[in-house]
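Before any comments, here is the structure.
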Amino acid sequence: MNGNAQFIIDLMVNMKIYTITSLGIHLVNYFFIGKSYLNYDRFVKKQNFIKLIIKKIYCAAALMLAFKIREYDHCRMRPIIINYHKIVPKKNNETTSIIDDPTLQQIKNKICIAESKILKAIQFDFDIAMPFDQLNQVISTFCSRKEKEEHIFCATKIITFDSYRSYAPLIFKPQTIIVSAFIISCSQYNIDPYLELSSKLKDKYNPMVLKEEEAYERWLQEVSLELQVQINAEEIKDCLYVLNELLYLHYVPKEEIQKKQENNDINNINNQVDLQKMEVE
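For what it's worth, the working numbering labels the leading residue of the sequence shown as 1, then goes sequentially.
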């Protein structure tokens with residue numbers, strides 16, 4: 001799943017359209033894992049190399065379909081196909097990245113076939129909500145510190161984007177993902193958004209007169225009203241677990257870095273001592 005996500009991210013290099021990228025990843029993950037993976041694997045009894053190529057074709061097709069669903073300019077399709085040709089694995093360690101018209105048309109044809117299969121898997125349902133759709137709304141409504149708003153916005157965006165390297169978008173509502181990412185981002189700045197209310201919520205209730213658990217439940221009620229979908233504490237807890245697992249996999253604590261540096265320093269000192277002993281001898 002992470003491989004699909006990274007391939008689509010590579011295809012979209014220099015095009016910072018997060019809604020398109022995340023939707024493309026969502027579609028291809030939904031196709032392989034949510035609906036069609038067993039059928040796909042059963043019918044493609046070929047070498048691992050061929051399987052890899054076919055999977056990358058579906059990644060490109062999902063991205064093309066995402067452009068159409070979000071009604072973006074289709075002229076972006078050509079550079080994506082060119083990027084695909086550059087980075088897709090080739091037989092016999094071929095390194096050429098030049099694409100001629102016949103090759104371009106051949107890739108287009110393969111993508112069209114894959115796109116039709118993805119359409120069947122999603123049953124032509126184009127009303128696909130994404131976490132990024134409500135990113136601005138969550139930050140502007142629930143961020144309590146204006147001076148940290150931009151930092152929390154960026155952190156929430158990155159964590160949400162990383163969620164597409166996991167199964168989270170296949171099992172959690174997009175609103176649950178964006179709120180969970182927001183909570184984690186706030187925690188990086190020692191902010192509890194359900195205790196330190198934004199200006200838009202301060203007039204509604206005082207969390208300081210409530211127990212912490214009650215304040216959290218009350219805050220989630222306001223979040224549910226704002227986003228127009230029911231979000232409960234259990235959903236957030238499960239989603240936070242997944243997102244924190246992702247963060248843990250990519251995070252190296254400062255203590256470990258310092259310890260590693262100290263060990264290196266000790267080894268360097270020991271090596272110098274050994275060299276001095278050898279010189280004396």
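Ideal placement from N, C-alpha and C gives every residue a C-beta, glycine not left out.
Minimum C-alpha distance to residue i - residue among the options
i: T19; options: P131, P193, K204; result: P131
i: K204; options: K211, I8, Q221; result: Q221
i: A181; options: R218, F142, V209; result: F142
i: K282; options: E150, K146, I171, E212; result: Nothing about residue 282 can be read from this structure; the chain reaches only from 1 to 281.
i: L227; options: Q175, E217, I236; result: Q175
i: C283; options: K202, L104, I177, H26; result: Limits of the chain in this structure are 1 at one end and 281 at the other, which puts residue 283 out of reach.
i: K237; options: S22, G24, I8, I177; result: I177
Distance, residue j Cα to residue i Cα
i: Y190; j: N29; result: Per the sequence shown, the amino acid found at residue 190 is Asn instead of Tyr. Roughly 34 Å between the two C-alpha positions.
i: N232; j: Q106; result: 48 Å
i: L246; j: D162; result: 7 Å
i: L195; j: I158; result: 24 Å
i: N244; j: D101; result: 46 Å
i: L210; j: Y164; result: 36 Å
i: Q188; j: V179; result: 15 Å
i: V229; j: N136; result: 17 Å
i: P193; j: I183; result: 7 Å
i: T21; j: K202; result: 36 Å
i: L104; j: T156; result: 37 Å
Residue interval of the alpha helix (DSSP H) (run including residue i)
i: A114; result: 101-121
i: S199; result: 199-202
i: N206; result: Run containing N206: none; DSSP gives neither H nor E here.
i: R218; result: 212-227
i: E149; result: 149-162
i: C143; result: Note, C143: premise wrong, no alpha helix (DSSP H); not H, not E.
i: Q175; result: 174-187
i: L195; result: From DSSP, L195 is part of no alpha helix (DSSP H); its letter is neither H nor E.
i: D169; result: In the sequence as presented, Asp is not what sits at residue 169; that position holds Pro. Per DSSP, P169 belongs to the alpha helix (DSSP H) from 168-171.
Cβ-Cβ distance between residue i and residue j below 7 Å
i: A168; j: F31; result: no
i: L319; j: I118; result: Past the edges of the chain, shown from 1 to 281, lies residue 319, and the structure says nothing about it.
i: I139; j: F153; result: yes
i: I57; j: A114; result: yes
i: S185; j: S144; result: no
i: A61; j: I128; result: no
i: S166; j: V223; result: no
Below-7 Å beta-carbon distance, residue i vs any chain E residue
i: I139; result: Reference to chain E is not applicable here, since this structure consists of a single protein chain.
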